[in-house]
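**Student:** Residue numbers (our numbering): 1210 to 1509.
Take this structure, written in structure tokens, and hold onto it; I'll ask about it next.
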Ligand SMILES: [Fe+2]
Ligand SMILES: [Fe+2]
């Protein structure tokens, strides 16, 4: 007998997302031609989205070095993507441990984990195809991630998920639409955008309920954790060692990126949607807001 979700909005959303997952899901192992060589001279990221675009360091680079830098920036973002997804999968599985396995909500959570398993393999293959290092998080952030994935529940869990997913999504929507870029990164981005749209819907829906259910102390704590998550995610997007790949000292490259008005504008643009959404929910406030500002994601 078909289970009814009428009158259960949480179940109805999960039911729709399960149907959508059946209609449009990809297997990157089959749907991407991993053996195709990169297109010579094509960027991996719109050059205007490079963290050094518009700086004297950028002006001093050859065209080949600029292309190379965008490749390493993409590999850094993919490495960060794997890191976030591993954290996310563990958080979802931890929640599933207590859930009703017959509910559509729990079943969609498992479906999302299945999506993320394929995504992390896809990002691993992307890094391998790019021929770059895996750019891992710094030890302290790695430790914070371990703590978050082992303990986070409630609003901070879904808000952290959304920040990572929506910032990457902004870059990937632009990449998939830009025909001048490497075909491989465009296809990886298209697959991720299509499947992540469902994850964003699921997390936004759940976050609203979690905020309504949380008391003032839990919310104050959540704002701090969310601010720290936004800060870590943003700082982690471009690993400083990516600059070494084009002969730039990592500390000098990082300092130039942080002072670069183009890059600061890019970061604000990438986080605009999620920052507005979390602000509306009252989650970008108090001491946590200082971290959003230090991350360069909000002003004032
Ligand atoms: Fe993903
Ligand atoms: Fe996701």
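We put the CB at the ideal spot given by N, CA and C, even for glycine.
Taking CB distances under 9 Å as the criterion, tell me whether residue 1340 reaches chain C.
**Tutor:** The displayed structure is made up of one protein chain only, and chain C is not part of it.
**Student:** Under the three-state reduction of DSSP, which class applies to residue 1247: helix, strand or coil?
**Tutor:** coil
**Student:** Classify residue 1456: buried if its beta carbon has 16 or more other beta carbons within 10 angstroms, exposed otherwise.
**Tutor:** exposed
**Student:** Looking only at C-alpha atoms, which of 1411, 1414, 1465 and 1405 sits nearest to residue 1290?
**Tutor:** 1405
**Student:** Rounding to the nearest angstrom, what Cα-Cα distance links residue 1435 and residue 1491 in this structure?
**Tutor:** 11 Å
**Student:** Could you give the DSSP three-state label for residue 1362: helix, strand or coil?
**Tutor:** When DSSP states are grouped into helix, strand and coil, residue 1362 belongs to the coil group.
**Student:** Less than 8 Å between C-beta atoms, sequence neighbours within five positions excluded: which residues of the same chain meet that for residue 1394?
**Tutor:** Its chain contains 1253, 1254, 1283, 1335 and 1384 as the residues whose beta carbon lies nearer than 8 Å to that of residue 1394, once the 5 sequence neighbours on both sides are disregarded; these appear in chain order.
**Student:** Could you check the C-alpha separation between residue 1440 and residue 1500 for me, to the nearest Å?
**Tutor:** 6 Å
**Student:** Here's the rule I'm using: 16 or more other beta-carbon atoms within 10 Å means buried, otherwise exposed. How should residue 1257 be labelled?
**Tutor:** With a 10 Å radius around the Cβ and a threshold of 16 neighbouring Cβ atoms, residue 1257 comes out exposed.
**Student:** Can you list, in chain order, the stretches of the alpha helix (DSSP H) that have 4 or more residues and sit fully within the region 1230 to 1303?
**Tutor:** 1237 to 1240 and 1265 to 1268
**Student:** Which word fits residue 1462, buried or exposed, when buried means at least 16 other C-beta atoms lie within 10 angstroms of its C-beta?
**Tutor:** buried
**Student:** With burial defined as no fewer than 16 other Cβ atoms inside 10 Å of the residue's Cβ, what is the status of residue 1389: buried or exposed?
**Tutor:** The residue in question, residue 1389, is exposed, as its Cβ has fewer than 16 Cβ neighbours within 10 Å.
**Student:** What does the shell around ligand 2 hold, if a residue joins when its beta-carbon is under 6 Å from any heavy atom?
**Tutor:** This criterion selects 1325, 1374, 1405 and 1408.
**Student:** With respect to the alpha helix (DSSP H) encompassing residue 1496, which residues constitute its N-terminal and C-terminal limits?
**Tutor:** 1495 to 1503
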